[in-house]
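Residue numbers for the sequence shown follow my numbering, so the first one is 7 and each next one is one higher. Glycine included, each C-beta is placed from N, C-alpha and C at the ideal position. Everything numeric in this text was worked out from a predicted model, so none of it was measured. A short worksheet on the structure shown next.
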Amino acid sequence: MQKIIAANWKMYKTRDQAAQCAEALADALRTAPANPAVLVFAPFTCLDVVAKAFAAIPALAAGAQDCYPADEGAFTGEISPLMLRDAGAAWVLVGHSERRHVLGEDDALVARKTTFALEKGLSVMLCVGETLEEREAGALTAVLQRQLESVFDALPQSRRDALEGHFAVAYEPVWAIGTGRVAGHAEVLEAHALVRNLLARCIGPAAERLPVLYGGSVKPANAAGLMGLDNVDGLLVGGASLDPQSFLQIVGA
Ligand code: PEP
7 MQKIIAANWK
17 MYKTRDQAAQ
27 CAEALADALR
37 TAPANPAVLV
47 FAPFTCLDVV
57 AKAFAAIPAL
67 AAGAQDCYPA
77 DEGAFTGEIS
87 PLMLRDAGAA
97 WVLVGHSERR
107 HVLGEDDALV
117 ARKTTFALEK
127 GLSVMLCVGE
137 TLEEREAGAL
147 TAVLQRQLES
157 VFDALPQSRR
167 DALEGHFAVA
177 YEPVWAIGTG
187 RVAGHAEVLE
197 AHALVRNLLA
207 RCIGPAAERL
217 PVLYGGSVKP
227 ANAAGLMGLD
237 NVDGLLVGGA
247 SLDPQSFLQI
257 VGA
C-alpha cells in the first residue's frame, strides 16, 4: 500500500517562507524512497516555488488546496486544474472541512471538483468527516456515506477503474481539526474501517489499494501511534506541518 504523509499549509506562508520550508524538506528527503509519498498542499501563490524545490525528488510532490471545475472562464477568484498543473501541482485537496463549513461548499460541488480534477490529470485527496453535532447525533455512518457516495456517483466508470495512485481519502473529524483534540484510537479505527467499507461498496476490491489518511491535530508525539492503526495509510497534517522540523518528525514516525 502506498503511504502518504501530507502537509496542509492552509493560508500560511509567503513565497520566501514557502521556499525556505520546501528546501528544508527537499534537503531532508532528497534520497528518501517514494513510499511514503510526502505531499505539500501549498497556497496557490507558492506552488511554483514548492514544485521547483521538489523537482526530481521521488518522495516529494506539490499540491493545491482547492480548484474550480472548469478550464477557464468568468469565475472571478477561482483557479482551474490546468492552471494548477501549470504552476507545478500534481495533487489537489478537495472538500476540506474548512471549505465545506467555512466557505459553504456542498457535496455536489465537491463531486464536480473531484471528477473534473481527475479528468484534467490531477491526483485528488478527498476530505471527509463529521462535525461534533453529527457525531453526537449518531450520524457518523450517514455523513461518511453521503460524502463518499456523492463523489463516486458522479465519477464515470472509466475514472473509477483508474483511481489507484491518483486518489486518496482523508478522514478528518471536523472537531479534531486545529483544535488540539486528536481523535482517540478507537474512534479512528471505527471511522477508517467505515471509510474502507464504503469505498469497497463504491469501487469494489480496488478500495483496498486506495490510501485512507487520518487528519486532525496530528503532532510528532501522536503520529506513530496513529500510523500503527489498521486502515490508517497516512496522515494529513495542518498546524504541525508549518514548521519543517516538526513535519519531518511526523514523516519519520
Ligand atoms: C488540516 O488542515 O487538514 C488539519 C488536519 O489541521 P490540523 O492538523 O491543524 O488539525
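Who does residue i pair with in a DSSP beta bridge?
i      : result
ALA12  : LEU45 and LEU242
LEU219 : ALA176 and GLY240
SER129 : TRP97
Going by the beta-carbon positions, is the gap between residue i and residue j smaller than 8 Å?
i      : j      : result
ALA12  : VAL238 : no
GLY94  : LYS58  : yes
GLU170 : CYS208 : no
ARG91  : LEU128 : yes
GLU178 : SER247 : no
VAL46  : ALA28  : yes
ALA259 : PRO226 : yes
Quick check: what's the CA-CA separation for residue i versus residue j?
i      : j      : result
THR185 : MET17  : 17 Å
HIS198 : GLU78  : 36 Å
VAL98  : GLN71  : 6 Å
PRO217 : PHE81  : 32 Å
ALA62  : ALA40  : 11 Å
VAL116 : PHE60  : 28 Å
GLY101 : ASP159 : 16 Å
Under three-state DSSP, which class holds residue i?
i      : result
ALA95  : coil
SER103 : helix
VAL201 : helix
GLY186 : coil
LEU66  : strand
VAL248 : The identity of residue 248 in the sequence shown is Leu, whereas the question assumes Val. Three-state result, LEU248: coil.
LEU146 : helix
LYS73  : Looking at the sequence provided, one finds Cys at residue 73 rather than Lys. Three-state result, CYS73: coil.
VAL224 : coil
VAL134 : strand
Since residue i and residue j should fall inside the 8 Å C-beta cutoff, what is the C-beta to C-beta distance between them, to a whole number of angstroms?
i      : j      : result
ILE256 : GLY222 : With 8 Å as the limit, ILE256 and GLY222 do not qualify as a contact, their Cβ atoms being about 13 Å apart.
LEU204 : ASP236 : About 16 Å separates the two Cβ atoms, so there is no contact after all.
VAL157 : THR120 : 5 Å
LEU146 : GLU139 : The Cβ separation is near 11 Å, so there is no contact.
VAL44  : LEU35  : 6 Å
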